[in-house]
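Before any comments, here is the structure.
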Ligand SMILES: [Zn+2]
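Structure representation (structure tokens):
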């Protein structure tokens, strides 16, 4: 893929949109009212909109290495605050994916420089669930399970944010933990028991 090709593609895309709806871009410029915040991995194979089959304007998207929600990361915290308090989204998705390079790196002990503190958040997930993970003999199964547990823990981090805690007071926000299976293309809902998690989290993290 060369850079010039991208601009040619863009021209074709503009034309195809205008062909089906001549006011497509003027409507798009009026503003956004997405109902979903999607937090996913920056992996080039996991393109958020395409795998969900959604159009521009449908989903507010944030992507970083291994779909993390660290409470000290100003970037993801600002995204959540803006999506919940200003866009008023009612759904927040954390979507991980099998064969995630970030999760794989966190399972190894290689020194990766500035990535170390980022990946340490995933190592903390491993530590939290080490009994379950260490009981899995098959390395690939263990890797897949850590991807799932990481999604669950990042969903909990979403719930712990002040924005979501505040929003829970006057509306129902649904949190979803998903995994994209690169091998089959399938989007899997992990069906995380948020009711139970929420009760535990609220006891400790609720804000007055
Ligand atoms: Zn990834």
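Numbering (my numbering), first residue to last: 3 to 210. Think of the CB as a built atom: it goes at the ideal place given N, C-alpha and C, for glycine as much as any other residue.
Taking the straight line between their C-alpha atoms, what separation do you get for residue i and residue j?
| i | j | result |
| --- | --- | --- |
| residue 27 | residue 20 | 8 Å |
| residue 173 | residue 197 | 15 Å |
| residue 111 | residue 132 | 16 Å |
| residue 59 | residue 184 | 25 Å |
| residue 35 | residue 190 | 25 Å |
| residue 140 | residue 113 | 25 Å |
| residue 130 | residue 203 | 15 Å |
| residue 3 | residue 17 | 21 Å |
| residue 52 | residue 80 | 24 Å |
| residue 94 | residue 40 | 6 Å |
| residue 194 | residue 161 | 13 Å |
| residue 75 | residue 56 | 27 Å |
| residue 38 | residue 10 | 30 Å |
| residue 73 | residue 120 | 12 Å |
Helix, strand or coil, according to DSSP, for residue i in the structure here?
| i | result |
| --- | --- |
| residue 69 | coil |
| residue 146 | helix |
| residue 37 | coil |
| residue 177 | strand |
| residue 188 | strand |
| residue 115 | coil |
| residue 183 | strand |
Residues in the same chain with beta-carbon distance under 8 Å from residue i, minus the five sequence neighbours each way, listed in chain order, please.
| i | result |
| --- | --- |
| residue 188 | 182 |
CB-CB under 6 Å to residue i, same chain, minus the five flanking residues each way: which ones, in chain order?
| i | result |
| --- | --- |
| residue 82 | 163, 165 |
Q. Quick one: any contact between the segment 122-141 and the segment 149-163, if contact means 3 or more CB pairs under 8 Å?
A. Flag = yes, the segment 122-141 and the segment 149-163 touch.
Q. Can you list, in chain order, the stretches of the alpha helix (DSSP H) that have 4 or more residues and sit fully within the segment 47-102?
A. Positions of the alpha helix (DSSP H) runs, each at least 4 residues long and wholly inside the segment 47-102, are given as 50-54, 76-83 in order along the chain.
Q.
Under 8 Å: do the segment 64-82 and the segment 90-110 share three or more Cβ pairs, one atom per stretch?
A. Three or more beta-carbon pairs drawn from the segment 64-82 and the segment 90-110 are found closer than 8 Å, and the two stretches are therefore classed as touching.
Q. Taking one C-beta from the segment 87-96 and one from the segment 32-49 each time, how about it: are there three or more such pairs within less than 8 Å?
A. In short, these stretches touch, since the Cβ pair count reaches three.
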